[in-house]
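See below for the structure under consideration.
In my numbering, the protein residues as written are 18 to 205.
Rendered as structure tokens:
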């Protein structure tokens, strides 16, 4: 993991990092909505445009999600992440959203994890209190990916930070999709 806790990384992130962090958490949870992998691509592109393009891209993403079936409780958590996204490009509202998305994404991963992960252990891990002991591999991987995205976007803009953050997110989406599929085979 990182030398800084997830909560510290979120507290130190700028608008771009916070928006990307929340979006990446949402993106990794898309398998629960049974939508196309590229559903959030316009929002990623809007993120690259910053404040000027964020609100329009967010409205388009919300409209695209309206056509998907409601789903179960897990899908409702993911829909709530998109619904809570702020239209304004203000650090306070983006930080609140990114923090909420972090918790929700970890909760989603906890529900599909093979380990015996208590809900309280997620907050302990987000605070960086030692190694992520007591959590399963899905939660541990999600913690690592969340920190990676925030660290990547803490670097000065102009490089390939957003593209690299999207790659990290895509990897996480594949992993959760496999866990969802495994659960469907076991329970179906």
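Ideal placement from N, C-alpha and C gives every residue a C-beta, glycine not left out.
Counting C-beta pairs closer than 8 Å gives fewer than three between the region 150-162 and the region 62-78, which falls short of the contact rule. Secondary structure at residue 54: coil, using DSSP grouped into helix, strand and coil. In the three-state scheme derived from DSSP, where H, G and I count as helix and E and B as strand, residue 152 is classed as coil. If you look at residue 144, you'll find it isn't in any alpha helix (DSSP H); DSSP assigns it neither H nor E. Secondary structure of residue 172 (DSSP, three-state): coil.
Segment contact: the region 60-76 against the region 137-147, fewer than three CB-CB distances shorter than 8 Å; contact not assigned. When rounded, the separation of the alpha-carbon atoms in residue 168 and residue 26 is 7 Å. Residue 37 and residue 103 have their C-alpha atoms some 13 Å from each other.
Under the three-state reduction of DSSP output, residue 106 falls in the coil class, being neither helix nor strand.
With respect to residue 198, residue 45 sits apart: the two C-beta atoms are not nearer than 7 Å. Judged by their CB atoms, residue 98 and residue 118 are nearer to each other than the 7 Å cut-off.
If you draw a 10 Å sphere on the C-beta of residue 200, you find fewer than 16 other C-beta atoms in it, and that means exposed. DSSP places residue 78 inside the alpha helix (DSSP H), whose first and last residues are 68-82.
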